[in-house]
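First residue of the sequence shown? That's 11 in the working numbering, and the numbers climb one at a time after it.
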Amino acid sequence: MFVRFTALASAIVALAAFDGASAQTANQPPDTMAARVEACTPCHGNKGEGTSDVYFPRLAGKPAGYLYNQLLAFRSGRRKYPPMNYLLEFLPDPYLEAMAEYFASEHPPLPQPVPSGASKDVLAQGELLATSGDAGRGIPACVSCHGPGLTGMQPGIPGLLGLRAAYVSAQLGAWRYGTRTAKSPDCMQLVAGHLTEADVTAVAAWLATRPAPANPAPVPEGTYALPFGCGSQPN
């Protein structure tokens with residue numbers, strides 16, 4: 011906890027000004043976005059690759075539009091995590107866009123998947139939901155929106171690889187209970203509302219076992235059509 015609040019204090023200093031107009035001196039760090047986002051690294055990794063804390067996600071390589079939407083959501087309070095809400099409260103849109111573009115441009119290797127403690131039956135259920143969905147319960151496959159390789163699509167759909175099961179489970183739970191929302195129509199909230207607790211556990215466990223593909227980059231916009239309208243990624 012001390013580390014997290016130390017990181018927050020550093021972030022306030024590092025992200026305080028966006029105009030970049032002040033002259034640099036020998037005693038000042040370079041006024042670059044890489045230097046400014048160093049305050050993010052204790053939680054999200056030196057290049058946004060994530061850390062050992064399972065609840066802080068990887069940022070690197072995700073679509074800039076997706077990252078920007080999340081920064082806006084934290085700034086407005088639609089996504090609630092007090093350190094992030096406080097940190098971003100007074101940052102202007104261009105700054106958030108620059109932060110999103112910076113992390114989207116970073117491409118450290120995806121981590122190796124960790125062995126799952128879930129049973130074979132649970133993993134099989136997770137794979138079935140992720141790759142085929144359950145039409146009878148109104149659950150589309152994860153791959154229908156996040157792509158066949160689960161790498162996401164520009165500009166607003168994130169990849170699902172390199173995330174730990176606890177983080178995926180927490181986010182699905184947040185959508186199920188309405189504590190995480192997105193632009194209307196909020197497709198993830200609609201999908202998550204059809205999931206049971208067992209479904210969430212199974213999908214999160216299976217996704218966390220997926221190895222990195224040869225090309226983990228999000229596919230270009232329009233590569234495939236979404237199965238329904240989504241506010242963060244209009245068809």
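Heads up, the beta-carbon is just placed ideally off N, CA and C, and yes, glycines get one too.
I believe Leu-257 touches Pro-226 by the beta-carbon criterion, under 8 Å. Please report the beta-carbon distance rounded to the nearest angstrom. This structure leaves residue 257 out entirely; the chain is present only between 11 and 245.
May I have the straight-line CA-CA distance separating Leu-236 from Gln-80, to the nearest angstrom? Whole-angstrom Cα-Cα distance: 20 Å.
What are the uninterrupted segments assigned as alpha helix (DSSP H) that are 4 or more residues long and contained completely in the stretch 103–175, given in chain order? For the stretch 103–175, whole alpha helix (DSSP H) runs of length 4 or above, ordered along the chain, are 103–114, 130–141, 152–156.
By the three-class DSSP mapping on this structure, what secondary structure does Val-229 have? Strand at Val-229.
By Cβ distance, which residues of its chain are closer than 8 Å to Gly-203, with the 5 residues on each side in sequence left out? Excluding sequence neighbours, Gly-203 sits near Trp-185, Arg-186.
So Leu-171 packs on Ala-222, CB below 8 Å; how close in whole Å? Right, the Cβ-Cβ distance comes to about 6 Å (below 8 Å), so this counts as a contact.
Among the candidates Tyr-65, Ile-149, Gly-60, Pro-104, whose CA atom is the shortest distance from the CA of Phe-238? The candidate whose alpha carbon is nearest that of Phe-238 is Ile-149.
Just the C-alpha distance for His-54 and Asp-131, rounded to the nearest angstrom, thanks. Those two C-alpha atoms are separated by around 32 Å.
Helix, strand or coil for Pro-93? Go by DSSP, reduced to three states. Helix.
Which same chain residues, not among the five before or five after Gln-135, have their C-beta less than 6 Å away from its C-beta? Once the five neighbours on either side are set aside, the close Cβ partners of Gln-135 are Ala-212.
Between which two residues does the alpha helix (DSSP H) carrying Tyr-76 extend? Run containing Tyr-76: 74–86, per the alpha helix (DSSP H) assignment.
Taking 8 Å as the cut-off, decide whether the C-beta atoms of Phe-113 and Gly-58 are in contact. Yes, the pair counts as a contact, with Cβ atoms nearer than the cut-off.
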